[in-house]
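Residue numbers (the working numbering): 10 to 230.
Here a beta-carbon is modelled for each residue, glycine too, at the ideal position from N, C-alpha and C.
These numbers come from a predicted model, not from an experiment.
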């Protein structure tokens, strides 16, 4: 185990946070409003007292942004977590289906499935994760039958007061970042670097957002 250098974390964020903002804009530009509108219930707009084209368009765009950003940023945080773990425990991105991270610590092999927040899936999705964990254990033990393997569902934010789920452990928020780094304060220490050029990047996004709204309104004039 090596001590984490926070300068490495800051440098990683500065070099890679632009990818998150770029994907936000790409997701926004990929939205086809005409196709979405065809799937919407027109009676619902009336029931919600949505009276103008701008209200309808903004509602659709905002809903798209909300759902897509969660996934985009979750993927980005997964990359950050793997980077940090590699620095401390020499972990690596796993090549096994359903496993995001593998690393060794205290004579244990940890296999980690990383999610954005604690409420990420329904019962069938959780069952699939458990199946993936069991398959991964069998795969890893083909080369070392004595390998002590621990399965972890790691969530980048949130809290779970009952981490022992039987087939796996669930670490959320502060506990997750501590688990992958050995640093109990990392959960708050990464907040400042995440704001690198945030206003500048967000201004570009807001410009793209406004252009989409205005373009859509002109089409409907």
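Exercise for review: Determine the direct distance from the alpha carbon of residue 221 to that of residue 74, and round the result to whole angstroms.
Suggested key: Here residue 74 refers to the residue found at position 65 when the chain shown is read from its first residue. Here residue 221 refers to the residue found at position 212 when the chain shown is read from its first residue. Approximately 12 angstroms, taken between the alpha carbons.
Point to revise | Close-in-space but distant-in-sequence residues of the same chain around residue 95 (CB under 7 angstroms, 5 per side omitted) | key: Residue numbering aside, residue 95 sits at position 86 when the chain shown is read from its first letter. Excluding sequence neighbours, residue 95 sits near 101.
Check your understanding: Between 148, 30, 18, which lies nearest to residue 213 when the distance is taken from Cα to Cα?
Key -> Taking the chain shown and counting its residues from 1, the one referred to as residue 213 is at position 204. Nearest option by C-alpha distance: 30.
Exercise for review: State yes or no: is the C-beta of residue 128 within less than 8 angstroms of the C-beta of residue 162?
Suggested key: Here residue 128 refers to the residue found at position 119 when the chain shown is read from its first residue. Here residue 162 refers to the residue found at position 153 when the chain shown is read from its first residue. In terms of Cβ geometry, residue 128 and residue 162 do not form a close pair [threshold 8 angstroms].
Point to revise | C-beta atoms of residue 72 and residue 226 nearer than 8 angstroms | key: In the chain shown, counting from the first residue as 1, residue 72 sits at position 63. In the chain shown, counting from the first residue as 1, residue 226 sits at position 217. Contact flag unset, no.
Check your understanding: Do you know offhand how far residue 190's Cα is from residue 115's?
Key -> For the purposes of this step, residue 190 is taken as residue 181 along the chain shown, with counting starting at 1. For the purposes of this step, residue 115 is taken as residue 106 along the chain shown, with counting starting at 1. Going by the C-alpha atoms only, they are around 14 angstroms apart.
Review point. Does DSSP put residue 58 in a helix, in a strand, or in coil?
Key: The residue given as residue 58 occupies position 49 in the chain shown. Coil.
Practice item. Tell me whether the beta-carbon of residue 83 lies closer than 8 angstroms to the beta-carbon of residue 49. Key: Here residue 83 refers to the residue found at position 74 of the chain shown. Here residue 49 refers to the residue found at position 40 of the chain shown. Result no, Cβ atoms of residue 83 and residue 49 do not sit closer than 8 angstroms.
Review point. Between which two residues does the alpha helix (DSSP H) harbouring residue 153 extend?
Key: Numbered from its first residue, the chain shown carries residue 153 at position 144. Careful: residue 153 lies outside any alpha helix (DSSP H) and carries neither H nor E.
Practice item. Measuring alpha carbon to alpha carbon, tell me which of 103, 16, 135 ends up nearest residue 179. Key: For the purposes of this step, residue 179 is identified with residue 170 of the chain shown, where counting begins at 1. Comparing Cα positions, the closest option is 135.
Exercise for review: Could you tell me if the beta carbon of residue 203 falls within a distance shorter than 7 angstroms of some heavy atom in the ligand GDP?
Suggested key: Annotation note on the ligand GDP: not contained in the displayed structure, which lists no ligands.
Check your understanding: Based on the DSSP secondary-structure assignment, which residues constitute the bridge partners of residue 162?
Key -> Indexing the chain shown from 1 puts residue 162 at position 153. Its beta-bridge partners are 122, 179.
Practice item. Could you tell me whether the segment 130-147 touches the segment 193-210, where touching means 3 or more Cβ pairs closer than 8 angstroms? Key: no
Review point. Just the Cα atoms here: how many angstroms apart are residue 10 and residue 139?
Key: Residue 10 sits at position 1 when you count from the first residue of the chain shown. Residue 139 sits at position 130 when you count from the first residue of the chain shown. Roughly 28 angstroms between the two C-alpha positions.
Point to revise | Straight-line gap, residue 18 to residue 199 (C-alpha atoms, nearest Å) | key: Here residue 18 refers to the residue found at position 9 when the chain shown is read from its first residue. Here residue 199 refers to the residue found at position 190 when the chain shown is read from its first residue. Their Cα atoms are separated by approximately 8 angstroms.
**Study point:** Cutoff 7 angstroms; reference residue 78; Cβ partners in own chain excluding five residues on either side
**Key:** Residue 78 sits at position 69 when you count from the first residue of the chain shown. Here the set comprises 33.
Exercise for review: Quick one: grab the DSSP three-state call for residue 114.
Suggested key: Residue numbering aside, residue 114 sits at position 105 when the chain shown is read from its first letter. In this structure, residue 114 counts as strand in the three-state DSSP scheme.
Point to revise | Where residue 47 falls: helix, strand or coil (DSSP) | key: Position 38 of the chain shown, counting from 1, holds the residue named residue 47. In the structure shown, residue 47 sits in a helix (DSSP, three-state: H, G or I).
Review point. Where do the ends of the alpha helix (DSSP H) carrying residue 26 lie?
Key: One-based indexing of the chain shown puts residue 26 at position 17. First-last of the alpha helix (DSSP H) with residue 26: 15-39.
Check your understanding: Under a three-way DSSP split, which group does residue 102 fall into?
Key -> Counting from one through the chain shown, the residue named residue 102 turns up at place 93. Reduced to three states, the DSSP call for residue 102 is strand.
Review point. Helix, strand or coil for residue 173 per DSSP?
Key: One-based indexing of the chain shown puts residue 173 at position 164. Of the three classes helix, strand and coil, the one that applies to residue 173 here is strand, per DSSP.
Check your understanding: In three-state DSSP terms, what is residue 52?
Key -> In the chain shown, residue 52 corresponds to position 43, counting from 1. Residue 52: helix per DSSP, three-state reduction.
Practice item. Output the distance between the C-alpha atoms of residue 160 and residue 120, rounded to the nearest integer angstrom. Key: Locating residue 160 in the chain shown gives position 151, where the first residue counts as 1. Locating residue 120 in the chain shown gives position 111, where the first residue counts as 1. It is roughly 5 angstroms from the alpha-carbon of residue 160 to the alpha-carbon of residue 120.
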